[in-house]
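Novice:
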Amino acid sequence: MKRIGLIVNPIAGMGGRVGLKGTDGVVDKARALGAFPQAPNRAISALKALMEIKDHIEIVTYFGEMGENEAKECGFKIKVISTIKDRESNQQDTIEAAKRILEEKVDLLLFAGGDGTARDIYNAVGENLAVVGIPAGVKIHSAVYASSPKKAGELALLYLKRNVSKVKEVEVMDIDEDAFRKGIVNTRLYGYLKIPYDPKFLQGKKSGSIMNDEGAQRAIALDVINHMKEDVLYIIGPGSTTRPIMQALGLRYTLLGVDLICNRKVVKNDLTEKELLKEISDKVCKLIITPIGGQGYLFGRGNQQISSEVIKKVGKENIIVIASNHKIRELSGKHFLVDTGDEEFDISLRGYVRVTTGYREQIVYKID
Amino acid sequence: MKRIDRSLKVRTGFHQAKWDEPIIFELSKKGERGVLVPQADDEITKEVGDGVSKISSSMLRKEAVNLPEISQSRVLRHYVRLSQETLGADVNIEIGQGTCTVKYSPKVNEQLGKLPGMAEIHPLQDESTVQGMLEIIYETDLAMREISGMDRFSFQPSGGSQAIMAMASLVRAYHEANGEVDQRDEIITTIYSHPSDAAAPALKGYKIIYIHPDKDGYPDYEAFKSVVSEKTAAFFVANPEDTGVYNTKVQEFTELVHKNGGLCCYDQANANGLLGVTRAKEAGFDMCHFNLHKTFSTPHGCGGPATGAVGVTKELEKFMPAPLIDFDGEKYYLNYDVPNSIGKIRSFNGVAPVIMKAYAWIRSLGAEGLYEVAKIAVLNNNYMFKKLMELDCVDAPYIEGKQRIEQVRYTLEKLAKDTGVTTGDIQRRMMDFGMHYWCSHHPYYIPEPMTLEPTETPSKEDLDEYIETLKYIFNEAYETPDKFENAPFASSCHQVDESNMDDPEKWAITWRSYLKKYTEK
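Chains as they are written, first to last, in our numbering: chain A, 48 to 415; chain B, 3 to 523.
Dropping the structure here:
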């Protein structure tokens, strides 16, 4: 018997239909504008893909609109771990539900929502549980979501049937919705969730012997380390692509922050912009960064500590960009972007940059 | 009696043979024999001995060799059955193997390869006794020089990738001779060139730099310019690339590399639309390679005997693999006087029957015939291109509105989005109609790719049958997408678990390794 956690964020996606760019904090307004829930039907589409193993699974979920109704409609065996029914669910319920489901030791967590929901799930379960996102929200930046609800169900099925056993880490991104409504895009990298990894869901059935992303990242790390010079400071930007460098060197790292190393030792972890400027003020320094998956931002998203002042001090020629081939392909030809807030400086960064994609392997990519 | 309705060009009634034929080792029965070799007559043994006792004991096997023991008729059945379970070039309309240039290989050339004067010679024979074969190699060299503008060819490499490896070795030898081998450690290539254009130089220790295409599918010249430097050892590129897009500005690329002291290496695996039209020399290349088993019609031998002919300019001749075949006015001979030779690429002087078949093909066509081949290959491809682009679900990125050379990498992205049926699903379903179909090398830069190359050999009827079959299947994808889940239905083999191919741990290349991996605990 397999156990699946199910969380439906019932209000996800309501803001989009009525032009509200998200639903955080504006549910009532969305309802008033005539929005109706999107997530339940999408969750049902995903669950239907699991019908062939229906008798071999139990769904662990929350009350009513948060999963119970959807699972019941599909006729699954259900365990409802909370029965609060006298009020509408909220963000705190999503986080609480995810925490409780993690304690229930399920094999996989399916959740329907948008970027905000992914962020809540990340806050509750981190990398302790494999998850699959059913796309239902207004903003879908996170790669944790399958391309359609049906695909989400199919991927879950493969994972439960053990046809897919590997997992990969994907970025949990979200924008500040308040700022976005005012026209300011402020995307942050919140962390990583683990999803089942099947190349079929990325690039067609005949996937061949592509090196997995993890292997590619290790090869990149080796290349970078091989080229490291004595007494030069290396700023290690955030992300799962830069992490293997620190791991290979056996150093403590900050996944979502900026670290500074020299002669294969940590100078300081998790630096602020101010601290960075102070540390590198009179030294030769190189900067190792990776673009944000799917978006291609090199600066200004998820690594605001590396400000235009820091980059100017380091020098354009000392920027080392790293990314796996897979990450480059996921950009579908979109160029790299920079948004440091200093427009003139951003323009000066435009042009072509070499990207290390493997051991002694680079591609030339354009920055816009 | 009612005749079969042939109005639909699609072979909906096709079914391939399925024999469940065992591995030949499983057929072995102890003591069963195909041929019983008679003992030598006394008269002979009196003169030369028994033929065994004079062999040094260190060379004698301690145990009998483990070969299958089977009768002749069972061996014959075995291989005929296996041949019925393949979709080779002789039974299907071979259009679907884009970039592989699978064309009709005239059977008369196969017969030439089996003539006793060809089949029974040995590479260790004295030069004076193989003058005919040496003449064929020499003359093929002359023809290839004319076709490419290069000054010297070697036929030693027995495949395209081995020829690219030879080119990478030539690059290294050249820079070594100039004292620049340490300084020049970068090779530039493009993402639509064959993966071997990166893999072979990487094996020679070079750092690889890839150039992305620009919006028209040409290698991005500005990106290229940003990386060519005094570190550049060479530029490896195919043209046209597998997209079928020909870079007409290739000379600007080669000039820039030369200005910076690097070499230019032309992967001419896609040469079928260029014969008699463009040449490596005029495009500014220092060396090139052709696949005789593609463009020059000698069959693809299932990954086996092939020839990658490598040609170089006069300046690089001294680095060529030795020996070269030369003519002194009276006789043909093996010329070992190649001062800076990169050494042997393979044993002996190449796959002789393959060179002979290519020679026969070139001579039967002549210069005008080769040009005709290119024209018809391009015509066939563009006929197919036009017909397929009329379909809603088919597209081909880059140079919109312009023609392609000899092949096209299409995208079925719309079909996949509309129906969930992927190019891999189409590939499997095509087998149900006795047709070969190929997607692309990995990784897929063009989503849901389909690569087709008709060559000059299919007739308009053949082209139409292939197109109609594709249309039939695309239509099925819209009407009954679930059907594709379990295809193929009419093939010898049902779906295979492709994950095995992705995992070297699961590979068993020989029967012995299979037994070791899968049956010994």
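For each residue, glycine too, the CB sits at the ideal point set by N, CA and C.
Residues in the stretch 185-213 of chain B with C-beta within 9 Å of chain A's C-beta atoms, listed in sequence order?
Specialist: Cβ contacts with chain A come from D187, E188, I190, I193, A200, A204, G207, Y208, K209, I210, I211, Y212, I213.
Novice: Assuming Q409 (chain A) is part of the beta strand (DSSP E), what are its boundary residues?
Specialist: 408-414 is the span of the beta strand (DSSP E), which, as asked, contains Q409 (chain A).
Novice: So, does the stretch 437-448 of chain B touch the stretch 274-288 of chain B, judging by three or more C-beta pairs under 8 Å?
Specialist: The stretch 437-448 of chain B, when compared against the stretch 274-288 of chain B, does not touch it at the 8 Å Cβ threshold.
Novice: Could one say the Cβ of D1 (chain B) lies closer than 9 Å to chain A's Cβ atoms, at least one of them?
Specialist: Residue 1 (chain B) cannot be examined here, being either before or after the span of chain B that is shown, 3 to 523.
Novice: At what residue ranges does the stretch 11-83 of chain B contain a whole run of the beta strand (DSSP E), taking only runs of 3 or more?
Specialist: Counting only runs of 3 or more, we get nothing.
Novice: What does a CB cutoff of less than 7 Å around I347 (chain B) pick up in its chain, not counting 5 residues either side in sequence?
Specialist: Excluding sequence neighbours, I347 (chain B) sits near Q158, P159, Q164, A168, P323.
Novice: Compare the Cα-Cα distances from A190 (chain A) to each of A:V55, A:P196, A:G341, A:L207 and report the closest residue.
Specialist: The option with the nearest alpha carbon to A190 (chain A) is A:G341.
Novice: Since F346 (chain A) is in the beta strand (DSSP E), which residue starts that stretch and which ends it?
Specialist: Start and end: 344-346.
Novice: Cβ closer than 9 Å: which chain A residues qualify as neighbours of V229 (chain B)?
Specialist: Going along chain A in sequence order, the residues near V229 (chain B) (Cβ under 9 Å) are Y399, R401, Q409, V411.
Novice: For the stretch 361-382 of chain A, which residues have a beta carbon sitting closer than 7 Å to at least one beta carbon of chain B?
Specialist: Correct list: N372, R376.
Novice: Going by beta carbon distance, what residues of the same chain come within less than 7 Å of R8 (chain B), once the five residues before and after it are set aside?
Specialist: Same-chain partners within the cutoff: there are none.
Novice: Would you check if the distance between the CB atom of T413 (chain B) and the CB atom of D397 (chain B) is smaller than 9 Å?
Specialist: Cβ distance < 9 Å, so T413 (chain B) and D397 (chain B) count as in contact.
Novice: At a Cβ threshold of 9 Å, is K208 (chain A) touching chain B?
Specialist: No, no contact with chain B.
Novice: Check whether chain A comes within 9 Å of G278 (chain B), counting only Cβ atoms and requiring the distance to be less than that.
Specialist: Cβ-Cβ to chain A under 9 Å: no for G278 (chain B).
Novice: Confirm the yes/no value for this check: CB of N249 (chain B), any heavy atom of the ligand HEM, distance under 8 Å.
Specialist: The ligand HEM is not part of the structure shown, which contains no ligands of any sort.
Novice: In the DSSP output, which residue or residues are listed as bridge partners for L236 (chain A)?
Specialist: L236 (chain A) pairs with A:M220.
Novice: Please report the residue range of the alpha helix (DSSP H) in which D75 (chain A) lies.
Specialist: First-last of the alpha helix (DSSP H) with D75 (chain A): 74-79.
Novice: Report, in whole angstroms, the separation of the C-beta atoms of I242 (chain A) and K215 (chain A), which I expect to be a contact under 8 Å.
Specialist: Confirmed, Cβ separation roughly 6 Å.
Novice: Check T471 (chain B) in the structure and name its three-state DSSP category.
Specialist: Helix, per DSSP.
Novice: Taking DSSP as the reference, what is the three-state secondary structure of K359 (chain A)?
Specialist: It is helical.
Novice: With distances taken Cα to Cα, identify the nearest neighbour of F123 (chain A) among A:L94, A:A144, A:E135, A:E143.
Specialist: F123 (chain A) has its Cα closest to that of A:L94, out of A:L94, A:A144, A:E135, A:E143.
Novice: Against chain B, with Cβ distances strictly below 9 Å, would K197 (chain A) count as a contact?
Specialist: Taking Cβ atoms only, chain B reaches closer than 9 Å to K197 (chain A), which makes this a yes.
Novice: Does DSSP put R8 (chain B) in a helix, a strand or coil?
Specialist: It is coil, neither helix nor strand.
Novice: Got a sec? Which residues, its chain only, sit under 7 Å from G98 (chain B) by beta carbon, not counting five neighbours each side?
Specialist: Excluding positions up to five away in sequence, the list reads M432, M437, H438, Y439, W440, L454.
Novice: Note down, in chain order, every chain A residue with its Cβ under 8 Å from the Cβ of Y447 (chain B).
Specialist: The answer, in chain order, is R376.
Novice: I need the straight-line Cα distance from G163 (chain A) to V219 (chain A), nearest angstrom please.
Specialist: Going from the Cα of G163 (chain A) to the Cα of V219 (chain A) covers about 9 Å.
Novice: Check the Cβ of E224 (chain B) against every Cβ in chain A and list those closer than 7 Å, keeping chain order.
Specialist: Correct list: Y399.
Novice: Would you verify that the beta carbon of T404 (chain A) is, or is not, closer than 9 Å to some beta carbon of chain B?
Specialist: Yes, its Cβ sits closer than 9 Å to a Cβ of chain B.
Novice: Taking the beta carbon of F83 (chain A) as the centre, do at least 16 other beta carbons fall within 10 Å, making it buried, or is it exposed?
Specialist: F83 (chain A) should be labelled exposed.
Novice: Check whether chain A comes within 9 Å of G422 (chain B), counting only Cβ atoms and requiring the distance to be less than that.
Specialist: At least one chain A Cβ lies under 9 Å of G422 (chain B).
Novice: Alpha carbons only, please: which of B:Y446, B:E450, B:L390 is nearest the one belonging to L472 (chain B)?
Specialist: Selected option, being the one with the closest Cα: B:L390.
Novice: Inspect the beta-carbon positions of Y208 (chain B) and L265 (chain B) and report whether they are closer than 9 Å.
Specialist: Contact: no.
Novice: Mapping the DSSP letters down to three states, classify A103 (chain A) as helix, strand or coil.
Specialist: According to the sequence as given, residue 103 (chain A) is His; it is not Ala. In the structure shown, H103 (chain A) sits in a helix (DSSP, three-state: H, G or I).
Novice: CB-CB under 6 Å to L517 (chain B), same chain, minus the five flanking residues each way: which ones, in chain order?
Specialist: Excluding positions up to five away in sequence, the list is empty.
Novice: Can you have a look at N293 (chain B) and say buried or exposed, based on whether 16 or more other CB atoms are within 10 angstroms of its CB?
Specialist: With 16 or more Cβ atoms within 10 Å of its Cβ, N293 (chain B) is classed as buried.
Novice: Can you round the beta-carbon distance between Y447 (chain B) and I193 (chain B) to whole angstroms, since I take them to be within the 8 Å contact cut?
Specialist: Confirmed, about 6 Å.
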